[in-house]
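Residue numbers in the sequence shown follow our numbering, run continuously in steps of one, and reach 401 at the last position. Working notes, beginning with the structure itself.
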Amino acid sequence: NSGGYTLEADGETVAASYIIMATGFQRNALNRPFIERENYEDDYLAMTAVSETPIDNHILADLDFSGPLLGIFLGAVPNGYGWCFVKSGYLNIGIGTTAALIRNTGIQTLYHRFVDELREKNCLPTHLKLAKESLFPLPFKRTVKETVFGKTLLVGDIAGFVSPVSGEGLYYAVKAGQLAAQAINLNLHQG
Numbered sequence: 211n212s213g214g215y216t217l218e219a220d221g222e223t224v225a226a227s228y229i230i231m232a233t234g235f236q237r238n239a240l241n242r243p244f245i246e247r248e249n250y251e252d253d254y255l256a257m258t259a260v261s262e263t264p265i266d267n268h269i270l271a272d273l274d275f276s277g278p279l280l281g282i283f284l285g286a287v288p289n290g291y292g293w294c295f296v297k298s299g300y301l302n303i304g305i306g307t308t309a310a311l312i313r314n315t316g317i318q319t320l321y322h323r324f325v326d327e328l329r330e331k332n333c334l335p336t337h338l339k340l341a342k343e344s345l346f347p348l349p350f351k352r353t354v355k356e357t358v359f360g361k362t363l364l365v366g367d368i369a370g371f372v373s374p375v376s377g378e379g380l381y382y383a384v385k386a387g388q389l390a391a392q393a394i395n396l397n398l399h400q401g
């Protein structure tokens, strides 16, 4: 019983009865019908800018980065924070703040200021060219009004399942996906 859904990716076609959608909040052809249903208040969204740059571990060792490091920089942006995650072979650098507060400045400008500050404080190699930052909207004030549309279930950022304090959403996406899968399984076996 395919339920009428056909998904194509990487040359494969899969028939599905249900879809658990965890696309993130940025608009794309797949999630557009769902996130356009909402009218969001001005300060509902946060905005993030993040880059993940490959880096040789010996460069990290030269900077006294001897292992995984998580730097959280409160006050790096208005009403938000910056971060620098060091993991084996990568630097993940980003900022997040309320979108309404940075409308005039722009998230990219604030990201580049933050990177400059990290370099000045010797938290980043001055010569390291960072990967281009990616920008992501992040709902953090409340969940969407509806998370179920027929046999499509929304989880994660697209559903607003994000910590309003930290902006972290991966845990909530995974947990909600597990709960959605359990509900689908129960429905398939009962009905």
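Built from N, CA and C at the ideal position, the CB exists for glycine as well.
Helix, strand or coil for residue i? Go by DSSP, reduced to three states.
i, result
"S276", "Residue placement at S276 cannot be trusted, given a pLDDT of 45 that sits under 50; the coordinates are not used to answer."
"A200", "Outside the shown range of the chain, which is 211 to 401, sits residue 200, and nothing can be said about it."
"G387", "helix"
"Y215", "strand"
"A232", "coil"
"F207", "Given a span of 211 to 401 for the chain in the structure shown, any question on residue 207 remains unanswerable."
"D220", "coil"
Please confirm whether residue i and residue j have their CB atoms less than 7 Å apart.
i, j, result
"E356", "N302", "no"
"P347", "Q236", "yes"
"P413", "T307", "Since the first residue of the chain shown is 211 and the last is 401, residue 413 is not available in this structure."
"N238", "I368", "no"
"P349", "L255", "yes"
So residue i and residue j are supposed to be a Cβ contact under 8 Å. How far apart are they, rounded?
i, j, result
"V354", "G370", "5 Å"
"G285", "W293", "Not really, about 13 Å apart at Cβ, beyond 8 Å."
"G299", "P335", "In fact, because the Cβ distance is near 14 Å, the residues do not count as touching under 8 Å."
"A259", "I312", "Not confirmed; about 10 Å, so no contact."
Measuring CB atoms only, is the stretch 329 to 343 touching the stretch 354 to 364, in the sense that at least three cross pairs come out at less than 8 Å? With contact defined as three or more Cβ pairs closer than 8 Å, the stretch 329 to 343 and the stretch 354 to 364 are not in contact.
Is it a yes or a no for the stretch 225 to 238 touching the stretch 386 to 396, going by three-plus beta-carbon pairs under 8 Å? Yes, the stretch 225 to 238 is in contact with the stretch 386 to 396.
Residue ranges of each beta strand (DSSP E) run of no fewer than 3 residues wholly in the stretch 272 to 351, ordered along the chain? Every beta strand (DSSP E) of 3 residues or more that sits fully in the stretch 272 to 351 is shown, in chain order, as 279 to 284, 291 to 297, 300 to 308, 344 to 349.
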